[in-house]
Amino acid sequence: MEDHARSIPVLASLDISETRDFYVWHLGFSNDYADDNYLIVKRDEMELHFWKTDDRRFPENTSCYIRGGQVPALFEEFQQRRVPHLSPFEVRPWNMKEFYIHDPHGNLLKFGCGEW
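Just so you know, we're using the numbering used here here: the sequence shown kicks off at 298 and counts up by one.
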């Protein structure tokens, strides 16, 4: 098995504890690492990193895209969990079916799949 290079989003957090709680309790990620200034959460093949900032402009102007076959199941799960700021799951003009979530500090998570 090859160890392919991957890209991992590093998003901003205004409060590492609040970010951890949102991703663990609402989105089902596990807490892989946390200190006062850095956080790593994982779920299946998804991995997100967060760095601490006091400047709200960073998270409010940042996004990442999560793509793959499990996206429809994630949407159903997030609906059942009543995840706040969950958009409708709909086909966009670029022919991807997507839904969006804003985390508590404004980071935009875009989830999409090409087949539905």
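All C-beta atoms in this analysis are idealised placements derived from N, C-alpha and C, irrespective of residue type, glycine included.
DSSP lists LYS339 as the beta-bridge partner residues of SER327. For VAL307, the enclosing beta strand (DSSP E) starts and ends at 307-310.
Straight through space, the alpha carbons of ALA370 and ARG389 are spaced by roughly 18 Å. Secondary structure in the stretch 345-399: the alpha helix (DSSP H) runs of 4 residues or longer, each lying completely within the stretch, are 354-357 and 368-377 in chain order. By the CB criterion at 9 Å, LYS349 and TYR362 fall outside the cutoff. By the criterion of a C-beta distance shorter than 6 Å, LEU308 is surrounded in its chain by PHE347, THR359 and ASN404, once the five residues flanking it on both sides are discounted.
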